[in-house]
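The block underneath contains the structure these notes are about, expressed in structure tokens.
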Amino acid sequence: MLPSMTGFGQASRSFAGYKVFIDVKSVNHRYSEVSIRMPKEWACYEDSMKKTILQSVKRGRVDVFVTAEREAASHKAVSVDWTLVNAYMGASEQLRQRYGFTESLSLAELLRIPDLIQLKEERAEPDEQLKMELCGCLEEAVMALTSMRLREGAYLKQDIKERLENLITFHAGLRKHASSVVKEFAGKLRQRIQELLQEQTPVDENRLAAEIAIFADRSNIDEELTRLHSHFEQFKLLIDCGEPVGRKLDFLIQEMNREVNTIGSKANHSELSSRIIDMKAELEKMREQIQNIE
């Protein structure tokens, strides 16, 4: 398995008088990061919910959206602000005594006073059962998320494997042509010298051999080819190991790029240069794909 870091999952469940909907989406991220948005009275369950997510998601940014709807008519509690009632009654009595009014505040007039009577919706108190239901619903959403991440990861893995095989083919071509580079250089150098001397002076074979040796040393890519082969083998092992390997694969791609660039700087042959360009293009495409691997 090689999960992608991109995916989406959702689930719903009824409990505590609510119909709860949970949406979970994930995108690529260098580390693990979880963000949860839910009713504030359930904020005490955030840590448990994060632990539920991190059991399945090892890397990536995960956004969780929790919405809750009452399944039946909301139960509302009626409360009286007695402090406010006493204040109004006291003020009314003072006005009567001071100015001689005979009227008293009626019940109808009291009920018209703002905020004197308050309606509050009864909410479920936080408890262990509610936490279990909430985390259970989240688990279902995360399972759907994981399933999508695995499906996308399978496509990414197949694409990356195909590109790796292309790199191996290019690598074989480099090794094949590397041995002929020095021979071609020696022939061209001898021909060029003879053209310049116009057969008036014999070619200094010792000097020619020294120049060829210097070129052979500078253009030798055996070490880079060997390291590239080692990187390819390590890459194959990682991509099939079944663990989160996105960072390791990204590091290997960087190392491959380093070796290919070094070969490119040494290459003094049209065929080698062409294959280097092809390898760089494949490596860049692989790097983009690996950015989405967990």
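Each residue of the sequence shown is one higher than the one before, counting from 1 in the UniProt record's numbering. Where a beta carbon is used, it is the ideal one built from N, C-alpha and C, also for glycine. Bear in mind the structure is a predicted one, so any value in this text is a computation, not a measurement.
For a test of the three-state rule: what should DSSP assign to residue i, helix, strand or coil?
| i | result |
| --- | --- |
| Asp115 | coil |
| Phe170 | helix |
| Asp23 | strand |
| Gly60 | strand |
| Ser106 | coil |
| Glu140 | helix |
| Arg287 | helix |
| Glu162 | helix |
| Glu33 | strand |
| Glu69 | strand |
Look at the Cβ atom of residue i, then the Cβ atom of residue j, and state whether they are nearer than 7 Å.
| i | j | result |
| --- | --- | --- |
| Met279 | Phe170 | yes |
| His177 | Glu271 | yes |
| Val34 | Val66 | no |
| Gln289 | Ile160 | yes |
| Ala68 | Pro39 | yes |
| Ser274 | Val142 | no |
| Thr6 | Val27 | yes |
| Ser12 | Phe21 | yes |
| Leu145 | Met49 | no |
| Gly246 | Glu294 | yes |
Give me the Cα-Cα distance between residue i and residue j, rounded to the nearest whole angstrom.
| i | j | result |
| --- | --- | --- |
| Met89 | Leu105 | 7 Å |
| Gly136 | Glu152 | 25 Å |
| Arg70 | Ala16 | 9 Å |
| Asn292 | Ile263 | 28 Å |
| Ile277 | Glu46 | 50 Å |
| Leu130 | Phe8 | 24 Å |
| Gln158 | Cys44 | 42 Å |
| Ile253 | Leu283 | 7 Å |
| Asn166 | Ala172 | 10 Å |
| Arg163 | Leu228 | 14 Å |
| Leu107 | Val80 | 13 Å |
| Ser230 | Leu238 | 13 Å |
| Glu133 | Glu233 | 46 Å |
| Asp83 | Thr102 | Correcting the residue identity first, residue 83 is Thr in this sequence and not Asp. Answer to the nearest angstrom: the Cα atoms are 24 Å apart. |
| Tyr99 | Leu111 | 24 Å |
| Val64 | Asp222 | 51 Å |
| Leu54 | Asp250 | 22 Å |
| Glu224 | Trp42 | 57 Å |
| Ser92 | Gln118 | 22 Å |
| Ser265 | Lys248 | 26 Å |
| Asn261 | Ala267 | 10 Å |
| His29 | Lys236 | 23 Å |
| Glu140 | Asp240 | 27 Å |
With residue i as the anchor, note down where its alpha helix (DSSP H) starts and where it stops.
| i | result |
| --- | --- |
| Val260 | 246-266 |
| Lys236 | 222-239 |
| Asn28 | From DSSP, Asn28 is part of no alpha helix (DSSP H); its letter is neither H nor E. |
| Tyr45 | Careful: Tyr45 lies outside any alpha helix (DSSP H) and carries neither H nor E. |
| Gln55 | Neither: Gln55 is in no alpha helix (DSSP H) and is coded neither H nor E. |
| Met89 | 82-99 |
Which first and last residues belong to the beta strand (DSSP E) in which residue i is found?
| i | result |
| --- | --- |
| Gly9 | 7-15 |
| Ile293 | Element bounds for Ile293: n/a, residue is neither H nor E. |
Report back the beta-carbon spacing between residue i and residue j to the nearest angstrom; my notes put them in contact at under 8 Å.
| i | j | result |
| --- | --- | --- |
| Ser32 | Lys58 | 7 Å |
| Leu116 | Ser4 | About 58 Å; that fails the 8 Å criterion. |
| Leu150 | Met1 | 6 Å |
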